[in-house]
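Following: one structure in C-alpha coordinates, then a few remarks.
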Amino acid sequence: MKGDNINSTEAILIRQLKKGSQLAFSSLYEKYSKEAYMLSLKYLCSKELAEDAVQNLFIKIWVKKKDIDENKPFNRYLFTILKNDLLNTLRDSQKNVTVLEDCLEMLLNLYASEEIEEVENNKERQLNMIKKAVAALSSQRQRIFLMKYSGKYTNQEIADILNLSINTIKYQYYQSLKQIRSYVTNIALLMLFNGTL
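The numbering of the sequence shown is the UniProt record's numbering, which starts it at 1 and goes up by one.
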(Lines of atoms letter the chains of each structure in order from A and count residues from 1; the text may use other names and numbers.)
(Lines give C-alpha, C1' and ligand atoms only; values in the text may rest on other atoms or scores of the structure.)
Protein backbone atom coordinates (compact mmCIF):
# COMPACT_ATOMS: atom_id res chain seq x y z
CA MET A 1 0.00 0.00 0.00
CA LYS A 2 1.30 3.45 -0.79
CA GLY A 3 2.40 5.69 2.06
CA ASP A 4 -0.15 7.41 4.21
CA ASN A 5 1.33 10.87 3.70
CA ILE A 6 -1.07 13.52 2.54
CA ASN A 7 0.73 15.36 -0.25
CA SER A 8 -0.43 18.69 -1.55
CA THR A 9 -1.09 17.40 -5.08
CA GLU A 10 -3.38 14.69 -3.79
CA ALA A 11 -5.14 17.11 -1.43
CA ILE A 12 -5.87 19.34 -4.44
CA LEU A 13 -7.18 16.33 -6.37
CA ILE A 14 -9.46 15.40 -3.47
CA ARG A 15 -10.85 18.95 -3.27
CA GLN A 16 -11.47 18.91 -7.03
CA LEU A 17 -13.04 15.45 -6.82
CA LYS A 18 -15.43 16.65 -4.11
CA LYS A 19 -16.55 19.38 -6.52
CA GLY A 20 -17.28 16.76 -9.17
CA SER A 21 -14.11 16.91 -11.28
CA GLN A 22 -13.90 13.87 -13.54
CA LEU A 23 -10.29 14.75 -14.32
CA ALA A 24 -9.37 14.53 -10.62
CA PHE A 25 -11.26 11.24 -10.38
CA SER A 26 -9.34 9.87 -13.38
CA SER A 27 -6.03 10.92 -11.83
CA LEU A 28 -6.83 9.11 -8.58
CA TYR A 29 -8.00 6.09 -10.53
CA GLU A 30 -4.72 6.01 -12.45
CA LYS A 31 -2.76 6.30 -9.21
CA TYR A 32 -4.54 3.58 -7.20
CA SER A 33 -6.40 1.20 -9.54
CA LYS A 34 -3.46 -1.10 -10.28
CA GLU A 35 -2.62 -1.60 -6.61
CA ALA A 36 -6.30 -2.16 -5.81
CA TYR A 37 -6.53 -4.70 -8.63
CA MET A 38 -3.43 -6.63 -7.50
CA LEU A 39 -4.71 -6.76 -3.93
CA SER A 40 -8.15 -7.93 -5.11
CA LEU A 41 -6.63 -10.58 -7.36
CA LYS A 42 -4.46 -11.84 -4.51
CA TYR A 43 -7.49 -12.59 -2.36
CA LEU A 44 -10.22 -13.33 -4.89
CA CYS A 45 -8.03 -15.39 -7.28
CA SER A 46 -10.22 -14.34 -10.20
CA LYS A 47 -9.37 -11.68 -12.75
CA GLU A 48 -13.04 -11.04 -13.42
CA LEU A 49 -13.90 -10.63 -9.72
CA ALA A 50 -10.83 -8.47 -9.14
CA GLU A 51 -11.84 -6.19 -12.02
CA ASP A 52 -15.37 -5.99 -10.59
CA ALA A 53 -13.97 -5.18 -7.14
CA VAL A 54 -11.93 -2.28 -8.53
CA GLN A 55 -14.85 -0.99 -10.57
CA ASN A 56 -17.17 -1.15 -7.55
CA LEU A 57 -14.55 0.51 -5.38
CA PHE A 58 -14.23 3.53 -7.65
CA ILE A 59 -17.98 3.76 -8.17
CA LYS A 60 -18.28 4.06 -4.38
CA ILE A 61 -15.52 6.68 -4.33
CA TRP A 62 -17.39 8.72 -6.94
CA VAL A 63 -20.79 8.34 -5.28
CA LYS A 64 -19.43 9.19 -1.81
CA LYS A 65 -16.95 11.83 -2.98
CA LYS A 66 -18.43 14.55 -0.78
CA ASP A 67 -17.84 12.40 2.32
CA ILE A 68 -14.07 12.17 1.74
CA ASP A 69 -12.02 13.99 4.37
CA GLU A 70 -9.28 15.80 2.46
CA ASN A 71 -7.26 16.15 5.68
CA LYS A 72 -6.89 12.39 6.07
CA PRO A 73 -4.87 10.01 3.87
CA PHE A 74 -6.97 9.13 0.83
CA ASN A 75 -5.27 5.76 0.37
CA ARG A 76 -6.34 4.67 3.86
CA TYR A 77 -9.95 5.62 3.06
CA LEU A 78 -9.83 3.85 -0.30
CA PHE A 79 -8.25 0.62 0.97
CA THR A 80 -10.60 0.44 3.96
CA ILE A 81 -13.53 0.39 1.53
CA LEU A 82 -11.75 -2.23 -0.59
CA LYS A 83 -10.94 -4.39 2.44
CA ASN A 84 -14.60 -4.42 3.50
CA ASP A 85 -15.70 -5.28 -0.04
CA LEU A 86 -13.17 -8.12 -0.24
CA LEU A 87 -14.37 -9.53 3.08
CA ASN A 88 -17.96 -9.51 1.80
CA THR A 89 -16.94 -11.16 -1.47
CA LEU A 90 -14.95 -13.84 0.35
CA ARG A 91 -17.89 -14.57 2.62
CA ASP A 92 -20.18 -14.85 -0.41
CA SER A 93 -17.65 -17.06 -2.21
CA GLN A 94 -18.16 -19.75 0.41
CA LYS A 95 -21.35 -20.52 -1.52
CA ASN A 96 -19.71 -20.18 -4.93
CA VAL A 97 -17.81 -23.19 -6.31
CA THR A 98 -16.71 -21.24 -9.42
CA VAL A 99 -14.79 -18.73 -7.29
CA LEU A 100 -13.15 -21.59 -5.45
CA GLU A 101 -12.15 -23.37 -8.64
CA ASP A 102 -10.65 -20.14 -10.05
CA CYS A 103 -8.68 -19.73 -6.84
CA LEU A 104 -7.55 -23.34 -6.81
CA GLU A 105 -6.50 -23.16 -10.44
CA MET A 106 -4.14 -20.28 -9.69
CA LEU A 107 -2.80 -21.83 -6.50
CA LEU A 108 -2.45 -25.39 -7.74
CA ASN A 109 -0.38 -24.17 -10.66
CA LEU A 110 2.06 -23.13 -7.97
CA TYR A 111 1.57 -26.44 -6.16
CA ALA A 112 2.82 -28.28 -9.24
CA SER A 113 5.72 -25.89 -9.85
CA GLU A 114 9.26 -27.19 -9.40
CA GLU A 115 10.61 -23.66 -8.86
CA ILE A 116 8.92 -22.90 -5.54
CA GLU A 117 12.02 -20.97 -4.35
CA GLU A 118 11.36 -18.33 -7.00
CA VAL A 119 7.72 -17.76 -6.05
CA GLU A 120 7.04 -14.37 -4.45
CA ASN A 121 6.30 -14.30 -0.72
CA ASN A 122 2.57 -13.78 -1.03
CA LYS A 123 2.20 -16.61 -3.54
CA GLU A 124 4.29 -18.87 -1.32
CA ARG A 125 1.95 -18.13 1.57
CA GLN A 126 -1.03 -19.03 -0.63
CA LEU A 127 0.72 -22.18 -1.79
CA ASN A 128 1.29 -23.29 1.81
CA MET A 129 -2.37 -22.57 2.53
CA ILE A 130 -3.45 -24.89 -0.30
CA LYS A 131 -0.97 -27.60 0.69
CA LYS A 132 -2.35 -27.57 4.24
CA ALA A 133 -5.93 -27.65 2.97
CA VAL A 134 -5.21 -30.63 0.70
CA ALA A 135 -3.25 -32.38 3.47
CA ALA A 136 -6.28 -32.02 5.76
CA LEU A 137 -8.39 -34.13 3.38
CA SER A 138 -8.81 -37.84 4.02
CA SER A 139 -6.38 -39.99 2.01
CA GLN A 140 -9.16 -41.08 -0.35
CA ARG A 141 -10.31 -37.49 -0.96
CA GLN A 142 -6.72 -36.39 -1.52
CA ARG A 143 -6.26 -39.02 -4.22
CA ILE A 144 -9.55 -38.19 -5.91
CA PHE A 145 -8.97 -34.45 -5.71
CA LEU A 146 -5.41 -34.55 -7.07
CA MET A 147 -6.26 -37.02 -9.84
CA LYS A 148 -9.30 -34.99 -10.90
CA TYR A 149 -7.57 -31.63 -10.67
CA SER A 150 -4.53 -32.80 -12.62
CA GLY A 151 -6.83 -32.93 -15.65
CA LYS A 152 -5.32 -36.28 -16.69
CA TYR A 153 -8.25 -38.43 -15.63
CA THR A 154 -11.99 -38.41 -16.22
CA ASN A 155 -14.41 -39.26 -13.42
CA GLN A 156 -14.90 -42.70 -14.97
CA GLU A 157 -11.15 -43.36 -15.15
CA ILE A 158 -10.71 -42.35 -11.52
CA ALA A 159 -13.63 -44.60 -10.56
CA ASP A 160 -12.04 -47.53 -12.42
CA ILE A 161 -8.57 -46.95 -10.90
CA LEU A 162 -9.89 -46.62 -7.34
CA ASN A 163 -12.58 -49.29 -7.79
CA LEU A 164 -15.35 -46.89 -6.75
CA SER A 165 -18.62 -45.82 -8.38
CA ILE A 166 -18.62 -42.71 -10.54
CA ASN A 167 -21.18 -41.12 -8.19
CA THR A 168 -18.82 -41.67 -5.26
CA ILE A 169 -16.04 -39.93 -7.19
CA LYS A 170 -18.27 -36.94 -7.98
CA TYR A 171 -19.49 -36.71 -4.39
CA GLN A 172 -16.03 -37.04 -2.85
CA TYR A 173 -14.58 -34.44 -5.26
CA TYR A 174 -17.38 -32.01 -4.44
CA GLN A 175 -16.84 -32.57 -0.71
CA SER A 176 -13.09 -31.99 -1.18
CA LEU A 177 -13.81 -28.67 -2.90
CA LYS A 178 -16.11 -27.64 -0.06
CA GLN A 179 -13.54 -28.55 2.57
CA ILE A 180 -10.69 -26.74 0.77
CA ARG A 181 -12.89 -23.72 0.10
CA SER A 182 -13.81 -23.49 3.77
CA TYR A 183 -10.18 -23.77 4.85
CA VAL A 184 -8.85 -21.24 2.32
CA THR A 185 -11.66 -18.75 2.93
CA ASN A 186 -11.26 -18.89 6.70
CA ILE A 187 -7.50 -18.34 6.48
CA ALA A 188 -7.94 -15.49 3.96
CA LEU A 189 -10.54 -13.83 6.19
CA LEU A 190 -8.20 -14.19 9.17
CA MET A 191 -5.38 -12.58 7.17
CA LEU A 192 -7.61 -9.68 6.18
CA PHE A 193 -8.81 -9.17 9.76
CA ASN A 194 -5.24 -9.27 11.03
CA GLY A 195 -4.18 -6.70 8.45
CA THR A 196 -1.62 -8.96 6.75
CA LEU A 197 -2.79 -7.87 3.31
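For each residue, glycine too, the CB sits at the ideal point set by N, CA and C.
Cutoff 8 angstroms; reference residue i; Cβ partners in own chain excluding five residues on either side
i, result
"A135", "Q142"
"F25", "L17, F58, I61, W62 and K65"
"Y77", "I68 and D69"
"L41", "K47 and A50"
"N128", "none"
"Q140", "L162 and Q172"
Presumed contact (8 angstroms Cβ cut-off) between residue i and residue j, rounded CB distance
i, j, result
"Y29", "F74", "Incorrect: roughly 12 angstroms between the Cβ atoms, too far for contact."
"L90", "Y153", "Not quite, the Cβ-Cβ distance comes to about 30 angstroms (not below 8 angstroms), so this is no contact."
Segment limits, alpha helix (DSSP H) that includes residue i
i, result
"A24", "Q22 to L44"
"E51", "K47 to V63"
"E157", "N155 to L162"
"I12", "S8 to K18"
"I68", "Segment: none, I68 is in no alpha helix (DSSP H) and carries neither H nor E."
"S139", "S139 to S150"
Neighbourhood of residue i by C-beta, 7 angstroms cutoff - its chain only, sequence neighbours within 5 removed
i, result
"K85", "Per the sequence shown, the amino acid found at residue 85 is Asp instead of Lys. Cβ within range, chain order: A53, N56 and L57."
"F145", "V134, L137, Y173 and S176"
"M13", "In the sequence under discussion, the amino acid at residue 13 is Leu, which differs from the Met named in the question. A24, S27 and L28, listed in sequence order."
"I169", "I144, N155, I158 and A159"
"G20", "none"
"I166", "N155, Q156 and A159"
Residues near residue i by beta carbon distance below 6 angstroms, same chain, minus five either side
i, result
"R15", "E70"
"I180", "A133"
"Y37", "A50 and V54"
"S33", "V54"
"N5", "Any reading at N5 must be qualified, since the residue scores a pLDDT of 49, below 50, and its modelled position is unreliable; no value is offered."
"M147", "Y153 and I158"
Minimum Cβ-Cβ distance from residue i to chain B less than 7 angstroms
i, result
"Y32", "Looking at the structure shown, chain B is missing, and only one protein chain is on hand."
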